[in-house]
Structure formats: structure tokens, C-alpha cells
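J.: The structure that follows is given in the form of C-alpha cells.
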Amino acid sequence: MTLRPKRLYLARRNPSLTREGFPERWMRHGALSASFQAQQGFANIFRYLLCPALPGPSGEAAEDGPDGIGMLFFRDEAARDRHHASAAQRAAMEADEDATFAERVNRTSLFAVEQVALDGPLTPFLAVTVLRRRPAVSAPDFAAWWSEAHAPTVLRAAPALRRLVGNWPMPDGHGELQADCIEELWFASREEMRRTLAAAAFAATREALMRRCDVATRLECEVRVLHDADPEPA
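According to our numbering, the sequence shown is numbered sequentially starting from 291.
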């Protein structure tokens, strides 16, 4: 089976950008990256998503929180090393990162492997939770509990869920984002997402989760697809 790394990074906007104006600037940055991949025939990546954070139900967003999460899916392990391999492409991307983000992507990212607990479509809305396990819980025990107990409970408690994914950091993550799991919950509409997250049955699944880990970051996002194609056969 082919191991397909996935890069996730928390995006924090350059202080010169407003929260409202950031998604458009981020899309321009993503388009630049995608243009380099297009020159290579998308030989290295098969999916590229930018997910700007939505404001809360009150219409406000936390000023100190991330402005979204980016996801880049590689075809195999070698592909991530070939990604923007030329010095000219790296220089162009870093210069554009400096104009777009508060800090370089390497500072806010990790490489992970997906565990898809519910395989469904890429829907327009996404709830992301960055989790850090408690010291008393070992990494293998946490991963086994998430797979065998937590994910099935979430699926029962959230019938509106269209896709459920756990992202598990690779040993050589090549990034500085500290996480033991990044959980993705995908929904067809913002209303379904908000209704599910507020439901008592779903809250009970969060309580069980919090006995084993802490939440480092929680985001509700709108999904923007820059590129999506079936990967090569495993």
C-alpha cells in the first residue's frame, strides 16, 4: 500500500491583512503554488484545499486564533520531497508566504497520514480540532481508542456527518505544529455543522474525548478546493 503523506498547516494572516480580506489573499497564494504543480502535471500532489475559518454564531471570530487550515495531499513519500524542489520555486513561495501569513508555513504545519473513519465527499463545510493527548495516555492507546471507540460513537451521534477523518502525525513531520491528532468533521451545510456541534449527543462525545486529550485549536471552516484528482492506484 502506498503511503500518502498529507501536509496540514494552520494559517495566520499577515498583520497587514484584515480577517475579511485574508481568504482572497490566501487563495492567490494557493493559486501560485498550484501553478507550480501544474507545470509538473500535478505529478506530486492530488488534492489541495484551503479552508478559511468562519466567524462564530455571533458573527465574531477569535482575534488570537488561526484564520484557517490548509491541506496538501501528496501522491507518495517521495513526492513531498520533490514538492517545490527548485530553488526558484522555493524562493517565490517563501516571498509570497511572507506577504500572506504572519509566519512561514513550516512553523505552523505537520505531515500526517489520514485515517478515514467515514469515507464521503469533500463537502463545503468542515470542523477541525487539533488535539494533544494527556501525558497519562500513550500515543498507541490514544490512536486505538479514537479508532475503535471514539469514531464509531461520533458517527452514531452525528447523522449529518458526511466524512470523518483523523490525521496522525508522521514521525518525521518536518514541521513545528504540535499535535497528536487533527480531527476533521465534514458537513453539507453550515446549518448542519452548527446544529450537530451544539447537540447534546455530540457534546457527550467531546466530553469523552477531553478525558484523554486537550484541544489546542478548534475551527469551523468553509472549504475551497484548488485542485482535486484521484490519486494513482495504491
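For glycine and all other residues, C-beta sits at the position ideal for the given N, C-alpha and C.
1) In three-state terms, what does DSSP make of N457?
2) Identify the continuous alpha helix (DSSP H) that holds H440 and give its terminal residues.
3) Using a Cβ-Cβ cutoff of less than 6 Å, which residues in the same chain neighbour H517 once the five nearest sequence positions on both sides are dropped?
4) Using the rule of at least 16 other Cβ atoms within 10 Å of the residue's Cβ for burial, across every protein chain shown, is E473 buried or exposed?
5) Run through the region 382 to 414 for me and flag every whole beta strand (DSSP E) of 3 or more residues, listed as ranges in chain order.
6) Within the continuous alpha helix (DSSP H) that includes P313, where are the two ends?
7) Sorted by chain position, which residues of the same chain lie with C-beta nearer than 6 Å to T486's C-beta, five sequence neighbours on each side aside?
8) Considering only residues of the same chain and omitting the five flanking positions on each side of A321, which have a CB-CB separation below 8 Å?
9) Just to confirm, are L362 and R297 a CB contact at a threshold of 7 Å?
10) For the beta strand (DSSP E) containing T507, name the first residue and the last one.
11) Can you check which of these residues, F336, P342 and N334, is closest to F312 by C-alpha distance?
12) Rounded to the nearest angstrom, what separates G349 and L509 at their Cα positions?
13) Rounded to whole angstroms, what's the CA-CA distance from M500 to L454? Just pull it up for me.
14) Residue range of the alpha helix (DSSP H) that L490 falls in?
15) For a test of the three-state rule: what should DSSP assign to A447, helix, strand or coil?
16) Comparing C-alpha positions only, which one of A478, N457 and I335 sits nearest to P411?
17) Alpha carbon to alpha carbon, what distance is there between M383 and W316?
T.: In short, the structure shows the following:
1) strand
2) Run containing H440: none; DSSP gives neither H nor E here.
3) A324 and Y338
4) buried
5) 399 to 408
6) F312 to Q329
7) A448, A450 and F492
8) L516
9) yes
10) C503 to E512
11) P342
12) Low confidence applies to G349: its pLDDT is 43, below 50, so where it sits in the model is not reliable enough to give any reading.
13) 18 Å
14) A quick correction: the sequence has Ala, not Leu, at residue 490. A490 -> alpha helix (DSSP H) spans A490 to M500.
15) helix
16) A478
17) 12 Å
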